[in-house]
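Chains as they are written, first to last, in full-length UniProt numbering: chain Y, 1 to 314; chain B, 1 to 314; chain H, 1 to 314; chain U, 1 to 314.
Worksheet: the structure to be examined is printed underneath.
This is how it looks when you write it as structure tokens:
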């Protein structure tokens with residue numbers, strides 16, 4: 001194994017002139033849907049890595065952090081989250097984190113690719129239990145169509161854990177002002193919260209899509225809380241935009257966040273997130289704050305930009 | 001140039017099983033001292049890059065952020081910094097940032113490698129003016145020897161911007177409890193502040209050296225403020241430990257920091273740092289805070305660990 | 001597949017400062033024995049590639065050429081080859097070529113690794129039929145031990161298609177003067193012929209092992225015919241040494257070779273080898289001929305050199 | 001140097017899915033003309049390497065072999081070569097080898113790029129003397145235009161050592177039937193010989209351009225002798241086509257070649273070529289001979305194919 005492992009590398013372009021490579025010790029499983037290639041490989045650096053079309057989607061080493069930050073801030077800020085809608089999230093980790101909340105009664109997860117969800121429910125052991133949870137309804141369809149068909153006010157929290165808009169995929173529709181205004185906001189119940197992963201948010205990379213997603217969400221929702229964290233396997237800071245439908249709502253204090261984590265979650269403590277952590281994440285640096293402030297673009301159906309680059313979460 | 005540029009790559013190991021590569025469009029200058037190889041190359045990704053022994057030391061794209069965070073927090077937290085001692089810092093950027101403080105009267109910079117300081121004063125245009133500043137005394141010698149010879153209480157701020165301890169270099173001596181207690185603390189005037197770059201501080205990497213440097217500094221200084229920021233060209237979060245010799249001192253509020261930035265610096269605003277930024281940086285995440293708390297190791301002359309890996313600031 | 005394929009690379013060191021990489025489109029099968037890692041991967045460049053411990057052993061694109069040159073020259077030069085002993089050759093292609101000769105009645109193939117021979121008989125379609133041929137006796141044991149135990153004069157042709165001596169393997173014993181004199185020569189019947197693959201034989205690489213293998217064989221056999229051919233997937237010229245036990249024997253004329261190819265082989269013509277081809281291969285260039293002439297080393301049990309490098313045939 | 005050298009790699013694509021890389025220890029000189037980028041780098045694998053537009057043109061390790069085979073076969077086969085025309089050859093090594101022939105009185109070398117010829121005459125020490133030889137006339141112009149302007153029957157030998165036709169360069173004109181018939185053949189004196197480097201000639205690569213160049217030359221000249229040799233730094237077998245204008249001429253015997261080498265050259269013996277070597281080179285293998293025979297294409301001004309790939313000699 002040692003010799004072999006030294007020689008098989010997975011290479012990922014991080015830009016035109018810049019790439020990284022990590023050793024693959026074993027290709028564990030491979031599959032293919034009508035939409036994409038799916039692989040699970042083992043690596044010395046990241047542990048097991050899920051690849052969609054050869055691009056790193058999540059790794060054993062840090063997926064926990066990515067998913068804690070996507071799920072727990074919105075659910076903890078909600079008064080009592082019972083019904084949650086997940087757009088994408090085929091890997092199952094987003095659902096896994098949502099289901100840790102004792103208040104949650106119903107999770108609807110809509111991911112286009114049945115081959116991916118089957119693959120992950122079978123091969124990603126950390127998420128197997130979540131896929132089997134009776135509170136989860138898994139639908140393999142377009143996340144937008146399904147959300148449009150739901151009655152207004154159906155959900156307390158809507159989570160955007162969407163496939164990479166790169167390569168001409170249809171996901172950019174799910175990042176537009178029209179979608180946020182005409183669908184997401186309407187499907188949220190009063191006090192509802194929306195969150196979307198928002199691409200790279202480093203001081204060098206935040207203008208790629210993070211700032212425009214922010215200004216688009218802000219053009220629809222009265223309060224938007226952007227925050228960001230370094231995800232090593234994405235090779236960058238990663239951004240989130242959490243939007244409150246209630247104009248009176250504000251970020252919780254560290255103490256209140258800690259108290260809710262203790263009260264609402266199952267017994268296992270969160271690895272990464274607590275009140276102080278969230279203080280750090282939402283105090284963005286000056287360069288990113290200036291970029292957010294100066295961003296004039298709002299994504300509309302006509303104008304949506306594409307993300308070019310690696311590591312966008314599916 | 002285009003064709004050539006496509007083919008020359010600088011490859012940097014980030015670990016045993018993990019590396020990255022970026023295109024080099026031109027090798028601008030090369031030199032060699034008794035200590036190391038020095039190169040300045042141009043790259044599409046990072047702009048001009050300074051390499052010591054082939055390892056990225058600083059890039060046009062993000063050196064500003066690294067150096068703002070090394071210099072301004074300690075100088076701004078000091079009541080009135082007049083005399084500053086820089087250990088290492090041969091590139092000149094640390095001195096450049098220090099010299100922006102109107103209170104500063106004397107900067108002593110001690111870097112072992114005259115070839116590096118000559119090279120940088122000539123080829124790094126951003127730092128040329130700093131090298132020529134009459135307040136700067138540049139000494140090419142061992143940073144520890146020079147500091148030992150200074151009278152006690154000579155400096156208001158001591159900055160550790162040290163060469164990579166990797167490869168059997170003598171720098172690890174400058175990260176020990178003995179050095180902090182017997183030299184640094186004594187050479188600081190009352191109210192003096194010490195800061196040292198402290199290696200990778202991500203949730204996956206903080207136990208390499210960051211936590212041990214922190215516990216070593218904390219074993220000597222009454223108050224230590226750790227903080228961290230993503231530096232893209234280091235491919236990780238980077239850590240700092242700022243130590244107050246006065247037990248009564250505490251981190252400033254965002255408002256006070258902003259006010260001091262306005263009052264003390266030359267006219268040009270800081271790009272990256274302000275009060276809110278520093279709020280974010282010093283609220284470390286739970287995983288790193290737990291690691292800091294659990295770290296039992298204190299570096300002593302006998303025990304000092306080596307950093308293995310890339311990107312350590314010289 | 002397309003996307004995935006772009007990103008998985010198999011990297012092979014060709015020297016300390018020199019390597020190549022080729023895209024892997026699919027990892028078809030992987031196995032592992034007590035001796036080595038076995039993989040069959042698909043590649044756009046070479047078609048299916050068999051890897052032992054991550055090193056290229058044979059490729060769909062050019063294994064035919066390597067094996068034609070290992071098998072047909074000695075069998076065609078023999079008056080009437082009936083009994084053939086193959087040392088190594090676990091892949092099955094050497095046996096496949098031997099079995100094309102209508103005179104052949106018995107082939108004994110001794111390869112240490114049962115997992116490899118099972119793997120290849122199952123997954124290498126080109127060789128499946130050879131593994132099932134009733135004339136083939138496959139023994140998984142040490143090739144030397146088995147040959148020692150055979151009665152003297154048992155074989156008309158002995159073929160060395162041996163595993164890489166690199167990495168401390170025991171194969172170097174099978175390249176020594178003692179082995180050639182005490183075992184190989186004795187087990188050959190009168191008029192018997194021995195051939196061994198002999199490593200890289202380019203004008204820059206021939207001194208690695210080719211010249212010393214030649215001088216070792218020549219120290220035991222009265223007539224030795226060295227020849228060489230470029231094998232693209234080995235990234236070099238590859239050498240063979242064919243040894244006649246009968247001092248009166250000489251290389252055949254192109255016409256006689258062509259005539260024997262027509263008479264003795266099954267109906268399918270050889271792809272690569274004919275009389276003119278062999279003329280070319282055995283007229284080595286001046287640099288290699290001088291190196292052969294100047295080589296003083298003879299491998300003995302004590303002195304055997306190791307091959308360092310890639311591409312040695314298993 | 002050691003550390004730095006470990007990290008700078010020159011990467012060369014050998015195909016879409018296949019590349020190699022070699023360490024660069026130093027970038028010695030860089031230049032740029034209106035046509036191309038020119039670099040001389042030092043490498044542990046190949047010694048000094050001349051790069052045009054980042055592609056390997058010649059290396060210290062094996063340029064001698066490439067140039068011996070381009071120059072000496074045609075000059076040795078000529079009855080008494082006095083006047084030689086070199087198309088391309090800017091590096092100077094082709095002229096260097098031509099000038100070793102005592103019969104040679106005049107060498108006209110026409111290379112389009114003055115920056116390259118200046119660069120090479122200054123930095124390639126092996127060729128400095130050739131550039132200064134009074135028998136050499138160096139003209140920086142289009143090789144075809146200059147040859148057209150020469151009186152008919154001006155040259156005994158014409159050598160095509162031409163720049164890579166890749167990337168839309170105009171060199172393909174110099175590989176056409178029209179050019180051979182209307183220019184080259186006419187400018188040769190009676191008994192004249194033409195040779196051209198002819199691209200990769202391995203059994204996997206010979207159909208790229210080698211076979212078509214051969215059939216084009218053969219459509220004009222009465223006798224064409226193809227031959228080929230492995231050039232390691234080109235990562236392939238390299239092909240040549242030597243054409244006799246006199247229908248009665250045939251390849252020399254090994255003995256006659258050796259005799260002429262002894263009689264005509266300066267004192268220093270050839271490293272690589274002798275009579276036996278040439279025997280080997282011109283007995284091509286069956287796969288290549290079949291491909292030559294089956295090739296129907298003749299390059300004309302309209303149809304000329306482009307070489308796609310690396311390593312074509314400039």
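C-beta atoms are modelled at their ideal positions from N, C-alpha and C, and glycine is treated no differently.
Collapsing the DSSP output to three states places residue 268(B) in coil.
Leaving aside the five residues that flank residue 274(Y) on each side, the residues in its chain whose CB is nearer than 6 Å to its CB run, in chain order, 258. Runs of the alpha helix (DSSP H) lying entirely within the segment 87 to 145 of chain H, each at least 4 residues long, are 93 to 98, 114 to 123, 125 to 132 in chain order. In this structure, residue 144(Y) sits near residue 183(Y), with a CB-CB distance shorter than 8 Å. For the 8 Å CB-CB criterion, residue 28(B) and residue 10(U) do not form a contact. Residues of the segment 21 to 32 of chain B with a Cβ closer than 8 Å to any Cβ of chain U, in chain order: 21, 24, 26, 27, 30, 32. Chain H places a beta carbon closer than 8 Å to that of residue 54(Y), counting this residue as a contact. Residue 230(B): member of the beta strand (DSSP E) spanning 223 to 231, first to last residue. For residue 211(U), the enclosing alpha helix (DSSP H) covers residues 210 to 218. Residue 12(H) reaches chain Y at 7, counting residues in chain order whose Cβ is nearer than 9 Å.
Within chain B, no residue has its beta carbon less than 8 Å from that of residue 241(Y); the closest one is some 16 Å off.
Among the CB atoms of chain U, none fall inside 8 Å of the CB of residue 187(H). For residue 190(B), the uninterrupted beta strand (DSSP E) segment begins and ends at 188 to 200. Close to residue 62(Y), with beta-carbon spacing below 8 Å, are these residues of chain B in chain order: 203, 204. Looking from the CA of residue 66(B), the closest CA among 129(B), 106(B), 161(B) belongs to 161(B). Neighbourhood of residue 72(H) in chain U, by CB distance below 7 Å: empty, with the nearest CB roughly 12 Å away. Beta-bridge partners of residue 41(U) (DSSP): 27(U), 49(U). 90(H) is the residue among 106(H), 141(H), 90(H) whose C-alpha sits nearest the C-alpha of residue 124(H).
Annotation: Cβ neighbours of residue 274(B) in chain Y (cutoff 7 Å, chain order): 286. In the structure shown, residue 18(U) falls within a strand segment according to DSSP collapsed to helix, strand and coil. Taking 8 Å as the threshold, the shortest C-beta distance from residue 279(B) to chain Y falls below it. When the Cα atoms are used, residue 133(B) and residue 284(B) turn out to be separated by approximately 36 Å.
Segment contact: the segment 288 to 298 of chain H against the segment 92 to 111 of chain H, fewer than three CB-CB distances shorter than 8 Å; contact not assigned.
Closer than 8 Å to the CB of residue 289(Y) there is at least one CB belonging to chain B. Remark: three or more beta-carbon pairs, one from each stretch, lie closer than 8 Å, so the segment 181 to 198 of chain B and the segment 239 to 247 of chain B are flagged as touching.
174(B) is the residue among 253(B), 122(B), 174(B), 23(B) whose C-alpha sits nearest the C-alpha of residue 146(B).
By the criterion of at least three beta-carbon pairs nearer than 8 Å, the segment 53 to 70 of chain H is not in contact with the segment 33 to 44 of chain U.
Within chain U, the residues 45 have their CB atoms less than 7 Å from the CB of residue 15(H), given in chain order. Chain order gives the chain H residues near residue 237(U) as 230, where near means a beta carbon separation below 8 Å. Residue 37(B) has its alpha-carbon roughly 6 Å from the corresponding atom of residue 31(B). With contacts defined by Cβ atoms closer than 8 Å, residue 282(B) and residue 225(B) form a contacting pair. Linking residue 156(H) to residue 303(U) through their CA atoms gives a straight-line distance of about 54 Å. Of the other Cβ atoms in all chains shown, fewer than 16 fall within 10 Å of the Cβ of residue 141(H); this residue is therefore exposed. For residue 279(Y), the uninterrupted alpha helix (DSSP H) segment begins and ends at 275 to 282.
When the alpha-carbon of residue 113(H) is set against those of 201(H), 126(H), 99(H), 171(H), the nearest one is in 171(H).
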